[in-house]
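What follows is a single structure, written as structure tokens, with notes after it.
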């Protein structure tokens, strides 16, 4: 009888070992991802961004996360959401809506696997949202895996609209995962130039929106169970991007909140596709074999 009981315990332990992800419980119940298009890491030290810098002080960050090439929008948003580079997901241009190269694999929705789909498959009832200003974002998220997605109205006429949409959605739905993608400071970088007074003024404005989103999470009563990620698709130089300078290729990655070390700056190598892997780790999800991203384990308690 004792031998049978021991054998049963060993069998159950083995089953758990091979069937449950090592981070099955996850690190937090909610993730709020905030993306600022065209935000170069070079700008952080001199930028007046108190809310973002408070997240940096309370969490972990790097100013050395690199883009995939080209250092442009769609290819890098795709890499952040898809856990792989353009050689695998196939989105290769600034405005890609469909892959220019055949995706290495397709999920059940006919798109390369995304972090949104991984979470949906693991938690069918999860509230998963994506709000954005640039229309191109929706082609990179697998909208069939989302509970809600919406584009904000014209920024030039309604500059605070996206922030307001995020505040409302957070307070009403308490999303498990929400991506909020602002289309600036990219526009200012193209019009007035990167590393200009106008560029830093825009960062200050966007920091105010970040503060409002943090406050919405607080008012929703989920702050203690939330991890914030603030990052960017690419930087820029003069009035452009897409090239191979560090001003274009290095972007900030800031992570703060539940179970995140107050560890300050880290210098381990990080690429865009590591963002998806880090979010997957937060939720205890097993990433697909085709992903090449690595979670930034050093940032977690």
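Residue numbers (mature numbering (1 follows the signal peptide of the UniProt record, and there is no 0)): -24 to -1, 1 to 277.
All C-beta atoms, glycine included, are put in the ideal place defined by N, C-alpha and C.
On a predicted model such as this, the values are computed, not experimentally measured, just so you know.
- With 16 or more neighbouring CB atoms inside 10 Å of its own CB, residue 183 falls in the buried class.
- Taking all protein chains in view, the Cβ of residue 173 is surrounded by fewer than 16 other Cβ atoms within 10 Å, so the residue is classified as exposed.
- Leaving aside the five residues that flank residue 2 on each side, the residues in its chain whose CB is nearer than 8 Å to its CB run, in chain order, 258, 259 and 260.
- DSSP places residue 233 inside the beta strand (DSSP E), whose first and last residues are 226 to 233.
- Looking only at 223, 238, 267 and 264, the smallest Cα-Cα distance to residue 39 is reached by 223.
- Distance from residue 90 to residue 121 at the Cβ level is roughly 7 Å; contact confirmed, criterion being Cβ atoms closer than 8 Å.
- Within the DSSP bridge table, the entry for residue 42 names 226 and 247 as partners.
- Here residue 234 is buried. Its C-beta has 16 or more other C-beta atoms within 10 Å.
- Relative to residue 45, the option among 226, 194, 103 and 133 whose CA is nearest is 226.
- It is roughly 25 Å from the alpha-carbon of residue 26 to the alpha-carbon of residue 247.
- Of the residues 255, 274 and 221, the one whose Cα lies closest to the Cα of residue 18 is 221.
- Within the stretch 125 to 158, the runs of alpha helix (DSSP H) at least 4 residues long that lie entirely inside it are, in chain order, 137 to 149.
- Judged by their CB atoms, residue 5 and residue 201 are nearer to each other than the 8 Å cut-off.
- By the Cβ neighbour-count rule, residue 241 is exposed, with fewer than 16 other Cβ atoms within 10 Å of its own.
- Residue 238 is positioned such that its CB atom lies no closer than 8 Å to that of residue 275.
- By the neighbour-count criterion, in which 16 or more other beta carbons inside 10 Å mark a residue as buried, residue 41 falls on the buried side.
- Rounded to whole angstroms, the separation of the alpha carbons of residue 48 and residue 169 is 16 Å.
- Within the same chain, Cβ atoms closer than 7 Å to the Cβ of residue 79 are found at 65, 66 and 88, the five residues on either side in sequence being excluded.
- Annotated three-state conformation of residue 181 is helix, per DSSP.
- Contact check for residue 208 against residue 31 fails: the beta carbons are separated by 8 Å or more.
- By the CB criterion at 8 Å, residue 249 and residue 231 fall outside the cutoff.
- Residue 252 and residue 271 have their C-alpha atoms spaced approximately 8 Å apart.
- DSSP places residue 120 in the helix class (H, G or I) of the three-state scheme.
- Looking at the DSSP output, residue 6 bridges to 202.
- Segment contact: the stretch 67 to 76 against the stretch 96 to 110, fewer than three CB-CB distances shorter than 8 Å; contact not assigned.
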